[in-house]
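Colleague:
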């Protein structure tokens, strides 16, 4: 099963953001609680900017994913590259752009 | 016969009064609140009322809105809690009747609050719109609105009916003196500029004298002596991380709990996996202790002999205990995933730790480190015992 998933990812390099099902639940939890400690659990912002769909709709997923991985220098947004893969970050970017619907 | 009837009426009257006053409490017994506490259930917008002596849950109070990053303070009589929600909600909770007594949504996005030394005023600091609002503690009517033009953090109460708070965007600290507030009187504001770049949190010492601001945007902290006629920023640990590799901060440290052992206090470093020891008189560094991760809370046991430290994501399953005399880590353990908040019993014999992703509050003996019990709670974060009612800055 694992090798199948890997093959699937390799077959689809242009889109990115594919992750195993269990990982999605982990990332959703991370967005809610760990991103939420600055951006708010309802994503309406706090020390960090709002991440509601309306607030970020003008960004493409690649830009958001880059912000997640590399942070924003000079602000409190840290680089998450040590903890998240590029696929993880792309999944989160798409998840945020999709809005609150699960 | 007459006296018998009177007695009966008195009993009935007492019964009715009791029922009105304590609808969910014990039958006719007064509720003592001195050993109670509230646990924030962040995901469900509810509070658990807990009994510290019994290590038990008494009630769940629901309907408090978005409780991510929530704190609360207590009225001087330890009956009411004022809960500061992330969504700008200010909720007054009656822990005797176990109900919400009043609730207002006072801003779009808030971060914390404080209660004045006389218990008459409750202040809330807001991110959006940035500033501080001050409310009548009884009615929750607005008493003063203080826009600051910045995300406002580190709000504490200070003696003399004052509130002190700092601005993330402008690096200022303001002192709002409410001592002259009669009907229509305005707060008297003292503005102190040059506190530093991006203050992220602040603390006030238990005697109400020293206000210390943690800085995210520079390598150091600053303090104000509130006993001075014109307080000026004083450097605390300037350049504490000089020459070291800075690490990303996945969770902002908190400065609320602080340790005093002799004349030192201890603070979590930013961007470094250390706690820092500081001489409380002249603010020079007296030592540092390497820790497991980026510290979030470094909280002293009430006697000051130990400092308990928890850590930012992804190392937040671990707690370390530092001995104040030797500054060495003397104990390390893993209560479970996302150990977010620690609260000591007033004399420090137990510590209660919320373990968010285990949905538990764990209780430990602080002398033997033995686990004494646990309580089920849904995504618990802050734990607040009522003894905070009598402490400046809490």
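Residue numbers (our numbering), protein chains in the order written: chain A, 180 to 281; chain B, 9 to 402.
All C-beta atoms in this analysis are idealised placements derived from N, C-alpha and C, irrespective of residue type, glycine included.
The model shown is predicted, which means the values in this text are computed figures rather than measured ones.
1) Check the Cβ of residue 223 of chain A against every Cβ in chain B and list those closer than 9 Å, keeping chain order.
2) Rounded to the nearest angstrom, how far is the Cβ of residue 260 of chain A from that of residue 275 of chain A, given a contact under 8 Å?
3) Give me the subset of the stretch 312-334 of chain B whose CB atoms are less than 7 Å from a CB atom of chain A, sorted by chain position.
4) Would you verify that the beta carbon of residue 213 of chain A is, or is not, closer than 8 Å to some beta carbon of chain B?
5) Can you have a look at residue 299 of chain B and say buried or exposed, based on whether 16 or more other CB atoms are within 10 angstroms of its CB?
6) Would you call the stretch 344-352 of chain B and the stretch 378-396 of chain B touching, i.e. three or more CB-CB distances under 8 Å?
7) Considering only residues of the same chain and omitting the five flanking positions on each side of residue 294 of chain B, which have a CB-CB separation below 6 Å?
8) Closer than 9 Å by beta-carbon distance: list the chain A residues that pair up with residue 260 of chain B, in chain order.
9) Using the Cβ count rule (16 or more neighbours within 10 Å means buried), how would you classify residue 113 of chain B?
10) In the DSSP output, which residue or residues are listed as bridge partners for residue 107 of chain B?
11) Provide the residue span of the alpha helix (DSSP H) that contains residue 274 of chain A, from first to last.
12) Checking 8 Å against the spacing of the C-beta atoms, do residue 182 of chain B and residue 199 of chain B come in under that value?
13) For residue 77 of chain B, decide whether its Cβ has a neighbour in chain A, counting only Cβ atoms nearer than 8 Å.
14) In three-state terms, what does DSSP make of residue 349 of chain B?
15) If the cut is a Cβ gap below 9 Å, which residues of chain B does residue 201 of chain A touch?
16) Is residue 229 of chain A helix, strand or coil when you go by DSSP?
17) Using a 10 Å radius around the Cβ and a threshold of 16 neighbouring Cβ atoms, would you call residue 375 of chain B buried or exposed?
18) By how many angstroms is the C-alpha of residue 368 of chain B removed from the C-alpha of residue 383 of chain B?
19) Mind checking the stretch 226-259 of chain B against chain D and listing, in chain order, the residues whose C-beta falls within less than 7 Å of any C-beta there?
20) Could you work out which residues of chain A lie near residue 368 of chain B, taking near to mean beta carbons separated by less than 9 Å?
21) Can you name, in chain order, every residue of its own chain whose Cβ lies under 6 Å from the Cβ of residue 52 of chain B, other than the five neighbours on each side?
22) At what residues does the beta strand (DSSP E) containing residue 298 of chain B begin and finish?
23) Are any of the Cβ atoms in chain A nearer than 8 Å to that of residue 111 of chain B?
24) Based on Cα-Cα distance, which residue from B:226, B:126, B:188 lies nearest to residue 203 of chain B?
25) Just the Cα atoms here: how many angstroms apart are residue 154 of chain B and residue 163 of chain B?
26) Just checking my contact of residue 226 of chain A with residue 255 of chain A at CB under 8 Å: how many whole Å lie between their CB atoms?
27) Counting only the same chain and skipping the five closest in sequence on each side, list residues whose C-beta sits under 6 Å from that of residue 187 of chain B.
28) Comparing C-alpha positions only, which one of B:365, B:366, B:356 sits nearest to residue 372 of chain B?
29) Ends of the alpha helix (DSSP H) at residue 381 of chain B?
30) How big is the Cα-Cα spacing for residue 217 of chain A and residue 94 of chain B?
31) Answer with buried or exposed for residue 64 of chain B, where buried requires no fewer than 16 other C-beta atoms within 10 angstroms of its C-beta.
32) Tell me which residues of the stretch 43-61 of chain B have at least one Cβ-Cβ distance to chain A shorter than 9 Å, keeping chain order.
33) Quick check: residue 197 of chain B and residue 210 of chain B, are their CB atoms within less than 8 Å of each other?
Modeller: On the basis of the coordinates in this document:
1) By one-based count along the first chain, residue 223 of chain A stands at place 44. In chain order: 74, 94, 95, 116, 117, 136.
2) Your numbering for residue 260 of chain A matches position 81 in the first chain. Your numbering for residue 275 of chain A matches position 96 in the first chain. With 8 Å as the limit, residue 260 of chain A and residue 275 of chain A do not qualify as a contact, their Cβ atoms being about 18 Å apart.
3) 321, 322
4) One-based indexing of the first chain puts residue 213 of chain A at position 34. Yes, residue 213 of chain A counts as interfacial toward chain B.
5) Looking up residue 299 of chain B in the second chain gives position 291. So residue 299 of chain B counts as buried.
6) yes
7) Translated into positions along the second chain, residue 294 of chain B becomes position 286. Excluding residues within five positions, the ones whose Cβ falls inside 6 Å are 272, 285, 287.
8) Against the second chain, residue 260 of chain B aligns to sequence position 252. The contacting residues are 216, 217, 226, 255.
9) Translated into the one-based positions of the second chain, residue 113 of chain B becomes position 105. Answer is exposed; the Cβ neighbour count stays below 16.
10) As a working note, residue 107 of chain B is residue 99 in the second chain. Residue 107 of chain B pairs with B:102.
11) Position 95 of the first chain holds residue 274 of chain A. First-last of the alpha helix (DSSP H) with residue 274 of chain A: 265-277.
12) Taking the second chain and counting its residues from 1, one reaches residue 182 of chain B at position 174. Taking the second chain and counting its residues from 1, one reaches residue 199 of chain B at position 191. Result yes, Cβ atoms of residue 182 of chain B and residue 199 of chain B sit closer than 8 Å.
13) Position 69 of the second chain, counted from the start, is the residue given in the question as residue 77 of chain B. Output row for residue 77 of chain B: interface = yes.
14) Stepping through the second chain from its first residue, residue 349 of chain B is reached at position 341. Residue 349 of chain B: strand per DSSP, three-state reduction.
15) The residue you call residue 201 of chain A lines up with position 22 of the first chain. Those do not exist, as residue 201 of chain A stays about 15 Å from chain B at its closest Cβ, beyond 9 Å.
16) Residue numbering aside, residue 229 of chain A sits at position 50 when the first chain is read from its first letter. Three-state DSSP puts residue 229 of chain A in coil, outside helix and strand.
17) Numbered from its first residue, the second chain carries residue 375 of chain B at position 367. Residue 375 of chain B is exposed by the Cβ-count criterion.
18) As a first step, residue 383 of chain B must be located in the second chain, where it is residue number 375. As a first step, residue 368 of chain B must be located in the second chain, where it is residue number 360. So the two alpha carbons sit approximately 6 Å from each other.
19) Of the chains in the structure shown, none is chain D; the protein chains are A and B.
20) Mapped onto the second chain, residue 368 of chain B falls at position 360. Neighbours of residue 368 of chain B on chain A: none; closest Cβ ~16 Å, over 9 Å.
21) Sequence index remark: in the second chain, residue 52 of chain B carries index 44 (1-based). Answer for residue 52 of chain B: 386, listed in chain order.
22) Start at 1 with the first residue of the second chain, and residue 298 of chain B comes out as number 290. Start and end: 293-298.
23) For this step, residue 111 of chain B is matched to residue 103 along the second chain. No, residue 111 of chain B lies away from the interface with chain A (no Cβ there is under 8 Å from its Cβ).
24) Here residue 203 of chain B refers to the residue found at position 195 when the second chain is read from its first residue. When only C-alpha atoms are compared, the closest one is B:226.
25) Locating residue 154 of chain B in the second chain gives position 146, where the first residue counts as 1. Locating residue 163 of chain B in the second chain gives position 155, where the first residue counts as 1. Computed Cα separation, rounded: 13 Å.
26) Counting from one through the first chain, the residue named residue 226 of chain A turns up at place 47. Counting from one through the first chain, the residue named residue 255 of chain A turns up at place 76. Yes, they are in contact, since the Cβ atoms of residue 226 of chain A and residue 255 of chain A sit about 6 Å apart, within 8 Å.
27) For the purposes of this step, residue 187 of chain B is identified with residue 179 of the second chain, where counting begins at 1. Excluding residues within five positions, the ones whose Cβ falls inside 6 Å are 168, 169.
28) In the second chain, the residue the question calls residue 372 of chain B occupies position 364. With distances taken between CA atoms, residue 372 of chain B lies nearest to B:356 out of B:365, B:366, B:356.
29) For the purposes of this step, residue 381 of chain B is taken as residue 373 along the second chain, with counting starting at 1. Not the alpha helix (DSSP H): residue 381 of chain B falls in the beta strand (DSSP E), residues 379-384.
30) Numbered from 1 along the first chain, position 38 holds the residue referred to as residue 217 of chain A. Numbered from 1 along the second chain, position 86 holds the residue referred to as residue 94 of chain B. Each residue's alpha carbon lies about 10 Å from the other.
31) Numbered from 1 along the second chain, position 56 holds the residue referred to as residue 64 of chain B. Classification of residue 64 of chain B: exposed, given that the 10 Å Cβ count is below 16.
32) 50, 51
33) Your numbering for residue 197 of chain B matches position 189 in the second chain. Your numbering for residue 210 of chain B matches position 202 in the second chain. Going by C-beta atoms, residue 197 of chain B is not nearer than 8 Å to residue 210 of chain B.
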